[in-house]
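In the working numbering, the protein residues as written are 6 to 470. Only one structure is covered here, and it is reproduced in the block below.
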RNA sequence: GCCCCCAUCGUCUAGCGGCCCAGGACACCGCUCUUUCAAGGCGGCAGCACGGGUUCGAAUCCCGUUGGGGGCGCCA
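Listed below in structure tokens is the structure:
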């Protein structure tokens, strides 16, 4: 049992591609088959090295490994040329000198509203020459049945299939040819790919047989990933780059888990699944046939679940790259302080990019300034000046521990007829700069007595100025 | 225009003829817990597109309608 994932290098890694790769990989691992990685870079201009690296990095990030490859179509030109020669020699293909505009014009003149080729050169027996393309001679009768694990057995009448190009006029192979040749050459048994390929599958099969490819592969056309309007996710209008999610603080495991549930479910009520569980339970027959909307909000929820499930060490490691985006001077970062606050941060963020703003007050010389918060909770806060002054005073002599700070602050609030919930606001804003963040008293404890009091006094001075 | 695919809460889905006047999750709305915000707990809102069959019985099977999507390129 052999499957392949065959992305074309386009500069970024599409989430739909990631899902297709994942299904291929789960299928292979579940059955103990072979997963082949093949890069479809027939379009020479696109065969850029960094594009390949992007694919390799993205797959690696999400936890997919391959048993063979990456093969590159750009390095396998001979195979495609030979196949094209055989097609021509066997009479399964012919040379065509038509240009696209000419075809369109004829179709228009004949009142044919089909964009397909009209077969103009089919019987002209043209010889190969510069500027001519090679077209497959599609049978005029009969039909091709696709065997698809997910879709059943759709039947395509040959009469509806045009004579499609297999070799461009510059002698380069098109996708259909290279794809079929490689799948035959690599003994692919199961072709798992996006539904957009279903309509072209009879062409693939016709080529397969014309090239004596042997037993036809079994197909599995997985449902499309769509946007909120139900349209196929596209680079132009939708956010589709896997790298973007990674850079925005999504964990690979959460993303993998979410992607795996788009069009497939393990049955029952479970959703959070480890890789091992997915491998164990994944079955191609259980993949749905209807499109799935890629819902970032649910991904966000999964991410929160996975972040909270991380061990302290893993969370610190995962957050590290994102800490670089903090507004503090690098040398001011204090790993110990971060680790101390991390457990409280961990359960409050849904993405890693939210981490810096939750801890920056620890590493900045002064509290960051959030004007809205200052205005709401200090300038217009009830008894703000009294609370700041009072806190500065009691904090200077009480034991410096969160429970004690909690207790003395509560008493301070009581004296002004305020609940702790209200009383902590001016202090929170004065010290951390923000009205929301990790629990205040733990934050104070970690920040330290002197720095906390300094900030309280500074806030007081600003308020009275 | 032609061909193909699809159809359970707003979204992702469970369901594969009786266990379902349809279960879970996200989102949303209450309540609760609470030092902010989250997280957690409890509760709520909300769906089998429509019409015919088949069957003792249909969300589940068949046909049609409607709606949505994909493909038809010297892109992949």
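All residues carry an ideal CB built from backbone N, CA and C; glycine is no exception.
query, result
"Segments assigned alpha helix (DSSP H), at least 4 residues, entirely inside the segment 254-326", "257-265, 280-286, 301-314"
"Simplified DSSP state of residue 213, which is helix, strand or coil", "helix"
"Rounded Cβ spacing between residue 410 and residue 428 (contact assumed at less than 8 Å)", "Actually they are not in contact, since the Cβ atoms of residue 410 and residue 428 sit about 12 Å apart, beyond 8 Å."
"Own chain partners of residue 348 with C-beta closer than 7 Å, once the 5 adjacent residues on each side are dropped", "317"
"Residue 150, enclosing beta strand (DSSP E) - first and last residue", "148-150"
"Distance, residue 451 Cα to residue 345 Cα", "7 Å"
"Residue 89 beta carbon less than 9 Å from that of residue 139", "yes"
"Beta bridge counterpart(s) of residue 246 as assigned by DSSP", "19"
"Which of helix, strand or coil DSSP assigns to residue 189", "helix"
"Among 237, 222, 220, nearest to residue 228 - alpha-carbon criterion", "237"
"Contacts around residue 144, its chain only, beta-carbon distance under 6 Å, and the 5 residues preceding and following it disregarded", "163"
"CB contact flag (residue 267, residue 278, <9 Å)", "no"
"Own chain partners of residue 4 with C-beta closer than 7 Å, once the 5 adjacent residues on each side are dropped", "Given a span of 6 to 470 for the chain in the structure shown, any question on residue 4 remains unanswerable."
"Supposed contact pair residue 151 and residue 210 - C-beta distance, whole angstroms, cut 8 Å", "7 Å"
"Sufficient close CB pairs (3 or more, under 8 Å) joining the segment 97-113 to the segment 70-87", "no"
"Pair within 9 Å by beta-carbon distance, residue 197 and residue 18", "no"
"The segment 317-335 touching the segment 350-360, judged by at least three CB pairs closer than 8 Å", "yes"
"Three CB pairs or more closer than 8 Å across the segment 364-376 and the segment 324-344", "yes"
"Residues near residue 64 in its chain [Cβ-Cβ closer than 7 Å; skip 5 each side]", "26"
"Residue 86 (DSSP reduced to helix, strand or coil)", "helix"
"Beta carbon of residue 124 nearer than 9 Å to that of residue 168", "yes"
"Spatially closest choice to residue 307 from 285, 297, 259, by CA coordinates", "259"
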